[in-house]
Each structure stands twice: as structure tokens, then as C-alpha cells.
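Below is one structure, written out as C-alpha cells; comments come after it.
Residue numbers (this note's numbering), protein chains in the order written: chain A, 11 to 76; chain B, 9 to 266.
Printed below as a string of C-alpha cells:
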């Protein structure tokens, strides 16, 4: 199925939770912020949120800035 | 000086020097820089993560007890700035937000009108909002009326280290918007920061001049001392300047007198 991650289309396998997706992308969980269809999802909910076709994901982290 | 404490959004702020965390060649320096500067308000940014890139998290280098101020850099309009602010707060980084709405890529000058729109929304949502702005007294007033905790006019374009090129307008703003003007962007040397403070600005925000110095921690300390000196001079009151000389020593009653 097709999703949009950080503005780019991606094909991913069906039935993935946010947790599984983050693991698959080798992202460090305590360093990121996840927005799923414009809703910010707290990390303790990642295990229970399934990614569906055409979902929009934004994954962000804090970086240096002025 | 002891009772001269900056208060923003109900918080007492220990230092009038705010520090940005961008552009350090090694982010591990940030801890020493913050410590040397004494700064309590520290800016950070939010960025999309590149999958597979294990970057450091800048938050690791910012001491507990700092006030994090996330900027909305990357926002091109009010809606995007509001969205970034909400994400930053949801991520547990507190409710201080530096509004930065930029749609000019060459000079990175902020869009004051979109900035005002973002401020109006975020103040209602309980954020402590500090907008980065083009120096302008009228817009500055509007931003404060909308609930901005302070306004942050630029000294010169971001990262240019050209100093306080907007001095005349910033001076007017500092005079009229008492205690609510923080100069942000372009300050290249501690003397620039001192000058801002001498004219009554509440604080300054410095990033590039410290981050790209060969010795960032030492430069942070120099900025800190300049800010303290400038503030002290403002409180003391600068002596008037005049066009001709006025002797400091007595010119009569000594050699050559009849």
C-alpha cells in the first residue's frame, strides 16, 4: 500500500503499526516526534496505531537552530 | 542590577543572552557554550527525519532547567508556523515558541503579516510567543497587542554577522515598546550585543557569531559579559553626546597663569 512519509510517497507492507514502521526505518524512538494524519501520536500509542493506505506520516526530530 | 530581572511569560529569566544551537561544527560543544554563556533560553528547530540517518538529538546537550524555545523555521506562512508550534509542544518541549515565517530565500527576511496571524492563533492556545520580525514599530505594537511575550526584530540578515544595521528603528522600538524588544539575528560581535542592551533592549538572541567562532565557548562568554555590561550601562544612563569637546580636566589655574 501507498503512504506519504515526510512529503514523499512510499510503498509499505500492510498491517504495520507505527512501532513496527519506526523499527523498520531504524529510527531512534526517543528522538522523534510522529504526526499521523495531522495528529501527533504519543509514543505510548505507537504500538496500537496501524498505518493504512494513503495515510500521511510526518516524522520529525529536534535539531540545532537559532 | 540584582533586582533587574527579565520576566517573560511569567518566568524569571536569569540571563538576557539567549542562545541558538544551529551551525555548530560539533553539537557536543553546545553544552559548554550554554554553560559559559549562562544562557537560560535556548532555541532549537524541528526537522523531518531522514530514514536510516542516526543523527544526534540536540536536546541531549541542553541542560535541564533551560527554557527551550523551538523556532518555526521552515514555515512559509502562518498555518505552517502554527503546525510546527503545536508539534513542538506535543513533543514535550514546553510552550515557548519563536515564530519565524520566511518566504524570502535570499535574505531570509521574515513575513511580518503572516507572523502576526500566527501569533494571534498561538497566543489563544496558551503559547509564550516570541515573533522574529522585520523591525517596525507599528507591527511591533500589533504583535504585543496580540499577546506576544516580546518581539524580536532583526539586527541584520540571519547568519550575516553584520551587526545592528537596523539600529535607528530598533532604538525607536526599544524606547517605545519598553522591555519587550529582543534583538535576534545578525549580531556578529559582543559589541553589537552591548549596543543593543545600552539602548534598552530586553535581551539578545545570538547563534551564528558564537557557533562559527573558532572558540565558541569563549565567544559565548564574551557575549554574556557584553550583554551584562550593556545592560548595566542602560540602567546607569548613558551620558549625552555632543559635537564639540568639553574638557574633563580643569584647563585653568596651573602653569602659565598670570
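Here a beta-carbon is modelled for each residue, glycine too, at the ideal position from N, C-alpha and C.
Count the other C-beta atoms from every protein chain shown that fall within 10 angstroms of the C-beta of residue 164/B, then say buried if there are 16 or more, exposed otherwise.
One-based indexing of the second chain puts residue 164/B at position 156. With a 10 Å radius around the Cβ and a threshold of 16 neighbouring Cβ atoms, residue 164/B comes out buried.
Under 7 Å from the C-beta of residue 41/A: neighbouring residues of chain B:
By 1-based counting over the first chain, the position of residue 41/A is 31. Going along chain B in sequence order, the residues near residue 41/A (Cβ under 7 Å) are 65.
For residue 135/B and residue 58/A, the rounded distance between their alpha carbons = Working through the first chain from its first residue, we reach residue 58/A at position 48. Working through the second chain from its first residue, we reach residue 135/B at position 127. Spanning the two alpha carbons is a distance of roughly 30 Å.
Exercise. Under 7 Å between beta-carbons, which chain B residues line up against residue 55/A? List them in chain order, please.
Key: As a first step, residue 55/A must be located in the first chain, where it is residue number 45. Simply none; closest approach about 12 Å.
**Prompt:** Under three-state DSSP, which class holds residue 242/B?
**Reply:** Looking up residue 242/B in the second chain gives position 234. Note: residue 242/B maps to helix in three-state DSSP.
### Task
Kindly indicate which three-state DSSP category residue 15/A falls into: helix, strand or coil?
Looking up residue 15/A in the first chain gives position 5. DSSP, read as helix, strand or coil, puts residue 15/A in strand.
* If we count the other Cβ atoms within 10 Å of its Cβ and call it buried at 16 or more, is residue 224/B buried or exposed? -> Working through the second chain from its first residue, we reach residue 224/B at position 216. In this structure residue 224/B is buried. Its beta-carbon is surrounded by 16 or more other beta-carbon atoms within 10 angstroms.
Checklist entry - I think residue 108/B touches residue 86/B, with their Cβ atoms under 8 Å apart; what is that distance to the nearest whole Å? => result Here the question's residue 108/B lines up with position 100 in the second chain. Here the question's residue 86/B lines up with position 78 in the second chain. So it is not a contact: roughly 12 Å between Cβ atoms.
Check: Who are the near neighbours of residue 199/B in its chain, counting only those whose CB is closer than 7 Å to its CB and skipping five residues on each side?
Finding: Position 191 of the second chain, counted from the first residue, corresponds to residue 199/B. Hits under 7 Å: 234.
Buried or exposed: residue 35/B, going by 16 or more other Cβ atoms within 10 Å of its Cβ? Locating residue 35/B in the second chain gives position 27, counting from the first residue. By the neighbour-count criterion, in which a residue is buried when 16 or more other Cβ atoms sit within 10 angstroms of its Cβ, residue 35/B is buried.
**Asked** Hey, is residue 16/A's beta-carbon within less than 8 Å of any beta-carbon in chain B?
**Response** Translated into the one-based positions of the first chain, residue 16/A becomes position 6. True, the Cβ-Cβ gap to chain B drops below 8 Å.
| request: Report yes if the CB atom of residue 105/B is closer than 8 Å to the CB atom of residue 77/B, and no otherwise. | output: Along the second chain, read from residue 1 onward, the residue named residue 105/B stands at position 97. Along the second chain, read from residue 1 onward, the residue named residue 77/B stands at position 69. The Cβ atoms of residue 105/B and residue 77/B sit closer than 8 Å to each other.
Where does the unbroken alpha helix (DSSP H) through residue 13/B begin, and where does it stop? Locating residue 13/B in the second chain gives position 5, where the first residue counts as 1. It is not in any alpha helix (DSSP H) - residue 13/B carries neither H nor E in the DSSP assignment.
- Item | Contact under 8 Å by Cβ, residue 115/A with residue 44/A | Because chain A in this structure spans residues 11 to 76, residue 115/A falls outside the shown range and cannot be described.
Q. Under a three-way DSSP split, which group does residue 199/B fall into?
A. As a working mapping, residue 199/B is identified with position 191 in the second chain. Helix at residue 199/B.
Between which two residues does the beta strand (DSSP E) harbouring residue 106/B extend? For the purposes of this step, residue 106/B is taken as the residue at position 98 of the second chain. From DSSP, the beta strand (DSSP E) with residue 106/B extends over 104–107.
* To do: Could you tell me whether any Cβ in chain A is nearer than 8 Å to the Cβ of residue 174/B?
  => Taking the first residue of the second chain as position 1, residue 174/B is located at position 166. Residue contact with chain A for residue 174/B: absent (no Cβ-Cβ distance below 8 Å to any residue of chain A).
Review point. Between the segment 120–130 of chain B and the segment 86–99 of chain B, do three or more beta carbon pairs fall short of 8 Å?
Key: The segment 120–130 of chain B vs the segment 86–99 of chain B: in contact.
- Item | Environment of residue 111/B [buried if 16+ CB atoms lie within 10 Å] | If you number the second chain from 1, residue 111/B lands on position 103. Residue 111/B is exposed by the Cβ-count criterion.
### beta strand (DSSP E) runs wholly inside the segment 148–199 of chain B, at least 3 long, in chain order
Given a length threshold of 3 residues, each whole run of the beta strand (DSSP E) inside the segment 148–199 of chain B is given here in chain order: 190–192.
Could you have a look at residue 133/B and say whether DSSP puts it in helix, strand or coil?
The count along the second chain starts at 1 and reaches residue 133/B at position 125. In the three-state scheme derived from DSSP, where H, G and I count as helix and E and B as strand, residue 133/B is classed as coil.
| task | With DSSP collapsed to three states, give me the class of residue 258/B. | result | Taking the first residue of the second chain as 1, we reach residue 258/B at position 250. Coil at residue 258/B, not helix or strand.
Neighbour list for residue 59/A in chain B, Cβ cutoff strictly below 7 Å: Translated into the one-based positions of the first chain, residue 59/A becomes position 49. Counting only Cβ-Cβ distances below 7 Å, residue 59/A has no contacts in chain B at all, with the closest Cβ about 15 Å away.
Checklist line | Helix, strand or coil at residue 72/A according to DSSP, with G and I counted as helix | finding: Numbered from 1 along the first chain, position 62 holds the residue referred to as residue 72/A. DSSP places residue 72/A in strand when its eight states are reduced to three.
Under 8 Å by beta carbon: chain B residues contacting residue 50/A
The residue given as residue 50/A occupies position 40 in the first chain. The contacting residues are 94, 95, 98, 99.
The alpha helix (DSSP H) with residue 77/B in it runs from where to where? Taking the first residue of the second chain as 1, we reach residue 77/B at position 69. For residue 77/B, no alpha helix (DSSP H) run applies; the uninterrupted beta strand (DSSP E) run containing it begins and ends at 75–79, by DSSP.
Please classify residue 69/B: is it buried, with 16 or more other beta-carbons within 10 angstroms of its beta-carbon, or exposed? Along the second chain, read from residue 1 onward, the residue named residue 69/B stands at position 61. Burial call: buried.
Determine whether the beta carbon atoms of residue 160/B and residue 190/B lie at a separation below 8 Å. Here residue 160/B refers to the residue found at position 152 of the second chain. Here residue 190/B refers to the residue found at position 182 of the second chain. In this structure, residue 190/B lies closer than 8 Å to residue 160/B by Cβ.
Exercise for review: Let me know if residue 64/A comes out buried or exposed under the rule of 16 or more other beta-carbons within 10 Å of its beta-carbon.
Suggested key: Stepping through the first chain from its first residue, residue 64/A is reached at position 54. The residue in question, residue 64/A, is exposed, as its Cβ has fewer than 16 Cβ neighbours within 10 Å.
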